[in-house]
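Enquirer:
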């Protein structure tokens, strides 16, 4: 049964069939493909896949690949935030942050409450709100614009597909049963936790303002060596955005600009908590004064908070 679930999930979730697509250049997780409408029976397929995924969860079997964290949040009926965009579309996220942090009127930017989308070679325009194509974005209303743009990017015309998937899932496992978990726990329940090869991890880690002989780095690897596999996977999830490794292991990790090895950078003061930059697979590790302090801060960051310190 375990192999059956694993192999079937490999087939039905294969992006080649145009139902799903990879969430981003640096993300190995899946999201619903807006182009799935090319298949006239696509809603039936999504309903079936929802049932199948629920069956795998019910029987405690793992699937071959997982979905993006925003998709899991949809399953949990949790509110999506602009921060959730970073893991699936870094460029789009950065553009919205730039608009938020700069005076667009001083930059003479002419934007309206509408967005163009190319699908199967055809470009269509979508109003973010009624009359949006004639409503200019200003400093006064740009927060609303950013929120609507983020909401559009998450949905992008896949509302019906998402509903079909969730309806199918709910027929087998009531969605309210999932409310006790967060999106990262749901990912682990569906995909499992890979065994982490510590030697491979160390071999393919780079350092900034630290060396491999820095005491904080030696403490970091001591922490990982002493941790169980669940803590290791949560740390990897905290830094890279997913608990899944590519087939080639840590050597094949991708960032927003291409290949990007796991990186530990010296940043901040000892009173700071660790931060992560998932689009660069980078951990900001302050120069802690003791192993106990490093362990306490790392555990707090990866276990006690939701999306803590992630950029």
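Numbering (my numbering), first residue to last: 934 to 1244.
Where a beta carbon is used, it is the ideal one built from N, C-alpha and C, also for glycine.
Predicted model, so just to flag it, every value in this text is computed and none were measured.
Below 7 Å between beta carbons: does that hold for residue 1164 and residue 1216?
Expert: In the chain shown, residue 1164 corresponds to position 231, counting from 1. In the chain shown, residue 1216 corresponds to position 283, counting from 1. In this structure, residue 1216 does not lie closer than 7 Å to residue 1164 by Cβ.
Enquirer: Take residue 991 and list the residues in its own chain whose beta-carbon comes closer than 7 Å to its own, dropping the five residues that flank it on each side.
Expert: Residue numbering aside, residue 991 sits at position 58 when the chain shown is read from its first letter. Only 1105, 1106 meet the Cβ criterion.
Enquirer: On the DSSP letters alone, give me the boundaries of the beta strand (DSSP E) that residue 1098 sits inside.
Expert: Here residue 1098 refers to the residue found at position 165 when the chain shown is read from its first residue. Careful: residue 1098 lies outside any beta strand (DSSP E), inside the alpha helix (DSSP H) at 1092 to 1105.
Enquirer: So, is residue 1153 buried or exposed, given that buried needs 16 or more other C-beta atoms within 10 angstroms?
Expert: Reading the chain shown from its first residue, position 220 is the one you call residue 1153. Its Cβ being crowded by 16 or more others within 10 Å, residue 1153 is buried.
Enquirer: To which residues does DSSP link residue 1191 through a beta bridge?
Expert: Position 258 of the chain shown, counted from the start, is the residue given in the question as residue 1191. Partner residues in the beta bridge of residue 1191, as assigned by DSSP, are 1188.
Enquirer: For the stretch 1051 to 1061 against the stretch 1019 to 1032, do three or more pairs of beta-carbon atoms, one drawn from each stretch, fall closer than 8 Å, so that the two count as touching?
Expert: no
Enquirer: Would you mind listing the beta strand (DSSP E) stretches within the stretch 1133 to 1211 that are 3+ residues and don't spill past its ends, in chain order?
Expert: 1138 to 1141, 1195 to 1199, 1208 to 1210
Enquirer: Residue 1190: buried (16+ other C-beta within 10 angstroms of its C-beta) or exposed?
Expert: In the chain shown, the residue the question calls residue 1190 occupies position 257. It counts as exposed.
Enquirer: Can you say whether residue 975 is buried or exposed, counting buried as having 16 or more other CB atoms within 10 angstroms of its CB?
Expert: Here residue 975 is taken as the residue at index 42 of the chain shown, counted from 1. It is buried - the Cβ of residue 975 has at least 16 other Cβ atoms within 10 Å.
Enquirer: Does the separation of the CB atoms of residue 986 and residue 1094 fall below 7 Å?
Expert: Along the chain shown, read from residue 1 onward, the residue named residue 986 stands at position 53. Along the chain shown, read from residue 1 onward, the residue named residue 1094 stands at position 161. Not a contact, by the Cβ cut-off of 7 Å.
Enquirer: In the DSSP assignment, the alpha helix (DSSP H) including residue 1023 goes from what residue to what residue?
Expert: Numbered from its first residue, the chain shown carries residue 1023 at position 90. Residues 1023 to 1034.
Enquirer: Based on Cα-Cα distance, which residue from 1071, 1061, 1205, 947 lies nearest to residue 1033?
Expert: Indexing the chain shown from 1 puts residue 1033 at position 100. Minimum Cα distance to residue 1033 is reached at 1071.
Enquirer: Give the single residue among 1209, 1061, 1096, 1224 whose Cα lies nearest to the Cα of residue 1203.
Expert: For the purposes of this step, residue 1203 is taken as the residue at position 270 of the chain shown. Closest by alpha carbon: 1224.
Enquirer: Cutting at 8 Å between CB atoms, please list the residues of its own chain near residue 1194, excluding the five before and the five after it.
Expert: Position 261 of the chain shown, counting from 1, holds the residue named residue 1194. So the list reads 1137, 1138, 1139, 1183, 1184, 1186, 1214, once near-sequence residues are dropped.
Enquirer: Is it buried or exposed, residue 1145, if we count other Cβ atoms within 10 angstroms and call 16 or more buried?
Expert: On the chain shown, position 212 is the one that residue 1145 refers to. Answer is exposed; the Cβ neighbour count stays below 16.
Enquirer: The beta strand (DSSP E) that contains residue 957, what's its start and end?
Expert: Position 24 of the chain shown, counted from the start, is the residue given in the question as residue 957. If you look at residue 957, you'll find it in the beta strand (DSSP E) that goes 953 to 957.
Enquirer: Let me check understanding here. Comparing Cα to Cα, which of 1222, 993, 977, 1004 lies closest to residue 962?
Expert: As a position in the chain shown, residue 962 is number 29, starting the count at 1. Among 1222, 993, 977, 1004, the Cα nearest to that of residue 962 is on 1004.
Enquirer: Select from 983, 988, 1199, 1069 the residue whose C-alpha is nearest the C-alpha of residue 938.
Expert: Here residue 938 refers to the residue found at position 5 when the chain shown is read from its first residue. Residue 938 has its Cα closest to that of 988, out of 983, 988, 1199, 1069.
Enquirer: Determine, using beta carbons only, whether residue 978 and residue 952 come nearer to each other than 7 Å.
Expert: Walking along the chain shown from the start, residue 978 turns up at place 45. Walking along the chain shown from the start, residue 952 turns up at place 19. Result yes, Cβ atoms of residue 978 and residue 952 sit closer than 7 Å.
Enquirer: Quick test of the definition: if touching needs 3 or more C-beta pairs under 8 Å, does the stretch 1069 to 1088 touch the stretch 1033 to 1045?
Expert: yes
Enquirer: Could you name the residues of the same chain whose beta carbon sits closer than 7 Å to that of residue 1220, not counting the 5 residues immediately before and after it, in chain order?
Expert: Here residue 1220 refers to the residue found at position 287 of the chain shown. Apart from sequence neighbours up to five positions away, the residues of its chain that approach residue 1220 with a beta-carbon distance below 7 Å are 1149, 1199, 1203, ordered along the chain.
Enquirer: So the alpha helix (DSSP H) residue 1077 belongs to, where does it begin and stop?
Expert: Looking up residue 1077 in the chain shown gives position 144. Note, residue 1077: alpha helix (DSSP H), 1075 to 1088.
Enquirer: Using alpha carbons as the reference points, say which of 970, 973, 981, 1206 lies closest to residue 942.
Expert: Here residue 942 refers to the residue found at position 9 of the chain shown. Nearest C-alpha to residue 942: 981.
Enquirer: Grab the span of the alpha helix (DSSP H) containing residue 975 for me, first residue to last.
Expert: The residue you call residue 975 lines up with position 42 of the chain shown. For residue 975, the enclosing alpha helix (DSSP H) begins and ends at 975 to 991.
Enquirer: What do you reckon, are the CB atoms on residue 1212 and residue 1023 nearer than 7 Å?
Expert: In the chain shown, the residue the question calls residue 1212 occupies position 279. In the chain shown, the residue the question calls residue 1023 occupies position 90. Cβ atoms of residue 1212 and residue 1023: closer than 7 Å.
Enquirer: Could you give the DSSP three-state label for residue 936: helix, strand or coil?
Expert: The residue labelled residue 936 in the question sits at position 3 within the chain shown. Reduced to three states, the DSSP call for residue 936 is helix.
Enquirer: Kindly give me the distance between the Cβ atoms of residue 1085 and residue 1121, rounded to whole angstroms, as I take these residues to be in contact under 8 Å.
Expert: Residue numbering aside, residue 1085 sits at position 152 when the chain shown is read from its first letter. Residue numbering aside, residue 1121 sits at position 188 when the chain shown is read from its first letter. In fact, because the Cβ distance is near 30 Å, the residues do not count as touching under 8 Å.
Enquirer: Just to confirm, is the Cβ distance from residue 1125 to residue 995 under 7 Å?
Expert: Taking the chain shown and counting its residues from 1, the one referred to as residue 1125 is at position 192. Taking the chain shown and counting its residues from 1, the one referred to as residue 995 is at position 62. A contact, by the Cβ cut-off of 7 Å.
Enquirer: Indicate the three-state DSSP secondary structure (helix, strand or coil) for residue 1058 in the structure shown.
Expert: In the chain shown, counting from the first residue as 1, residue 1058 sits at position 125. In this structure, residue 1058 counts as strand in the three-state DSSP scheme.
Enquirer: Excluding the five sequence neighbours on either side, which residues of its own chain have a C-beta within less than 7 Å of the C-beta of residue 1197, listed in chain order?
Expert: Translated into the one-based positions of the chain shown, residue 1197 becomes position 264. Hits under 7 Å: 1138, 1140, 1143, 1150, 1153, 1216, 1218.
Enquirer: Look at the alpha carbon of residue 968 and the alpha carbon of residue 956, and state the distance between them as a whole number of angstroms.
Expert: The residue given as residue 968 occupies position 35 in the chain shown. The residue given as residue 956 occupies position 23 in the chain shown. In a straight line, the C-alpha of residue 968 is about 14 Å away from that of residue 956.
Enquirer: Relative to the alpha-carbon of residue 1135, which residue among 1119, 1123, 1156 has its alpha-carbon at the smallest distance?
Expert: Sequence index remark: in the chain shown, residue 1135 carries index 202 (1-based). Among 1119, 1123, 1156, the Cα nearest to that of residue 1135 belongs to 1156.
Enquirer: Residues in its own chain within less than 6 Å of residue 1017 by CB, not counting five upstream and five downstream?
Expert: Locating residue 1017 in the chain shown gives position 84, counting from the first residue. Taken in chain order, the residues that qualify are 1003.
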